[in-house]
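Everything below concerns the one structure shown next.
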Amino acid sequence: MSTPTTETEKPTKVRDNDGLHKRRGIWYYSLEVGGRRRFFSTKTRNYQEARKVRAEAIKAHQEHRLPTDFAKLPFEKLLLLVLEDRKLHLSDNTIRLERERSVPLLRHFTGRRVCEIDNAAIKAYQAKRKTQVGSRTVNLETKVLRTVLKHAKVWAHVADEFKPLKEDSRGPGRALEEVEERRLLEIARTKPGWDAAFYAAMIAGNTTMRGCELKGLRIGDVNLMDRQIVINRSKTRGGERVIPLNAAALWGFAKLLERATALGAVEPQHFLFPGFRYRQTKTAHGAGYDPQRPQKTWRTAWRSLCKAAGLPGLRFHDLRHTAITKLAESEASDQTIMSIAGHLDRKMLEHYSHIRNAAKRKAVDAMPSYIPEEIAPCTSARVQ
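Once you know that position 218 of the sequence shown is 485 in the working numbering, the rest is easy, because the numbers rise by one and skip nothing.
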């Protein structure tokens, strides 16, 4: 028989079988995370609710969805760690794009811990950026944010309520008329500050190259003797290809090589568009071009150039569409277009096939023809 406790004896502490205990009226539970026992608040005084919270936490822990120590880091610090880690698995061009998309994220979330970024914070960022840039740009930026939150195991807590912005259907793009393209290039030659945009426009309009592919080109990728370039680093695997050069593209690359040499790009591995870099040390500072880094953007020059040419809103990517349209109008086959332009989805191919058929009909209609007078009325009636 157990001996009864006296009034001076302390009662035995009863441990809860569900792994819960109270602190100042709030239920807590413990989990082993990262090799250490940690205590978490259920944020409730209700025992049944606390049991549910603990059960969900155990399930999340088993599925590796619990926030890690990275969640306590400031956003800017974890972002740098994530980008550094992704260097091992992604191309230089992809890393460069993610760094560019990280700039507005840093401006908005710097000083905030990763675990403090919830759906309300993400929605506020989307609303603010939507007033400055397009929906697609905002979605690409939040994609980088999602990568950071996933690294800290925080994304699982916001994923169910997160909604990307609705993107407008942009279609294949705008193809420049011959007079518009000529005016754009003629005005681009008038200012030294537009030289990079000028050569890039000349080449893109005659090779179907994307802007990111141009920036990623190296000296060794250009072969003027064989009149061709090799694209080894592209947006898609299907984009890796060899492009023959016509007279305009050949002239553009020759001038571009002269410019690159003047900026210090002389080795085969040096970039054709060397990046501008500002250097500052304790003893001196200065600015110059680094041939081992690609030019990040020519956006400012491009926008001012398009405005001067009377083509506001023209995207650089529209030059790729212009070049592919020229190929389609010259009755090039789908296989030929894809071998030059790289990957194209079915919708794009159907669009360019329509252009090719229209060009064929125009050519047929332009042929001299003779219709006997006695059947001409019948033919006209059928056409109508």
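Glycine included, each C-beta is placed from N, C-alpha and C at the ideal position.
If you're wondering where the values come from, they're calculated on a predicted model, not measured in any experiment.
How many angstroms separate the CA atom of residue i from the CA atom of residue j?
{"i": "S620", "j": "P341", "result": "52 Å"}
{"i": "G555", "j": "G531", "result": "10 Å"}
{"i": "N490", "j": "A516", "result": "12 Å"}
{"i": "E343", "j": "K433", "result": "27 Å"}
{"i": "I607", "j": "S597", "result": "14 Å"}
{"i": "R290", "j": "S308", "result": "9 Å"}
{"i": "R380", "j": "D612", "result": "41 Å"}
{"i": "L357", "j": "R366", "result": "13 Å"}
{"i": "A464", "j": "R321", "result": "59 Å"}
{"i": "G483", "j": "F306", "result": "50 Å"}
{"i": "L364", "j": "G401", "result": "16 Å"}
{"i": "A455", "j": "G440", "result": "21 Å"}
{"i": "R403", "j": "L373", "result": "19 Å"}
{"i": "P635", "j": "K430", "result": "59 Å"}
{"i": "S369", "j": "E525", "result": "33 Å"}
{"i": "D601", "j": "A529", "result": "40 Å"}
{"i": "A633", "j": "W565", "result": "42 Å"}
{"i": "A338", "j": "A388", "result": "15 Å"}
{"i": "L298", "j": "I604", "result": "59 Å"}
{"i": "E316", "j": "K310", "result": "9 Å"}
{"i": "V497", "j": "E507", "result": "8 Å"}
{"i": "C382", "j": "R560", "result": "34 Å"}
{"i": "L443", "j": "L572", "result": "15 Å"}
{"i": "R312", "j": "K319", "result": "12 Å"}
{"i": "K410", "j": "K563", "result": "20 Å"}
{"i": "I591", "j": "Q495", "result": "17 Å"}
Is DSSP giving residue i helix, strand or coil here?
{"i": "A633", "result": "coil"}
{"i": "W565", "result": "coil"}
{"i": "K310", "result": "coil"}
{"i": "I384", "result": "coil"}
{"i": "G555", "result": "strand"}
{"i": "G542", "result": "strand"}
{"i": "T548", "result": "Residue confidence is low: T548 scores 47 on pLDDT, short of 50, so the model does not pin down where it sits. Its coordinate-derived value is still stated next. In the structure shown, T548 sits in coil (DSSP, three-state: anything other than H, G, I, E or B)."}
{"i": "R526", "result": "helix"}
{"i": "L298", "result": "strand"}
{"i": "R560", "result": "strand"}
{"i": "R441", "result": "coil"}
{"i": "M268", "result": "Model confidence at M268 stands at a pLDDT of 44, short of 50, so the residue's coordinates are unreliable and nothing is read from them."}
In the DSSP assignment, find the unbroken alpha helix (DSSP H) run with residue i in it and report its ends.
{"i": "L346", "result": "F342 to R353"}
{"i": "R368", "result": "D359 to F376"}
{"i": "R379", "result": "Careful: R379 lies outside any alpha helix (DSSP H) and carries neither H nor E."}
{"i": "R587", "result": "H584 to E596"}
{"i": "S600", "result": "Looking at the DSSP string, S600 is not in any alpha helix (DSSP H), and its letter there is neither H nor E."}
Looking at residue j and residue i, is the spacing between their C-beta atoms short of 9 Å?
{"i": "A521", "j": "L539", "result": "no"}
{"i": "V425", "j": "D462", "result": "no"}
{"i": "I510", "j": "T457", "result": "no"}
{"i": "A468", "j": "R477", "result": "no"}
{"i": "L581", "j": "L451", "result": "yes"}
{"i": "G519", "j": "Y466", "result": "yes"}
{"i": "A347", "j": "I362", "result": "The sequence as given places Leu at residue 347; Ala does not occur at that position. Not a contact, by the Cβ cut-off of 9 Å."}
{"i": "L345", "j": "H288", "result": "no"}
{"i": "Q536", "j": "R570", "result": "no"}
How far does the beta strand (DSSP E) with residue i in it reach, from first residue to last?
{"i": "V533", "result": "Neither: V533 is in no beta strand (DSSP E) and is coded neither H nor E."}
{"i": "K410", "result": "Note, K410: premise wrong, no beta strand (DSSP E); alpha helix (DSSP H) at S402 to H418."}
{"i": "H288", "result": "L287 to R290"}
{"i": "R508", "result": "R508 to P511"}
Could you tell me whether the Cβ of residue i comes closer than 9 Å to any Cβ of chain C?
{"i": "A599", "result": "Considering every chain present, this structure includes no chain C. It has just one protein chain."}
Just to check, is the beta-carbon of residue i closer than 8 Å to a non-hydrogen atom of the ligand ATP?
{"i": "G292", "result": "The model depicted lacks the ligand ATP and carries no ligand whatsoever."}
Kindly provide the ranges of any alpha helix (DSSP H) runs that are 4 or more residues long and lie completely inside the segment 445-496, ordered along the chain. 445-455, 462-474 and 478-482
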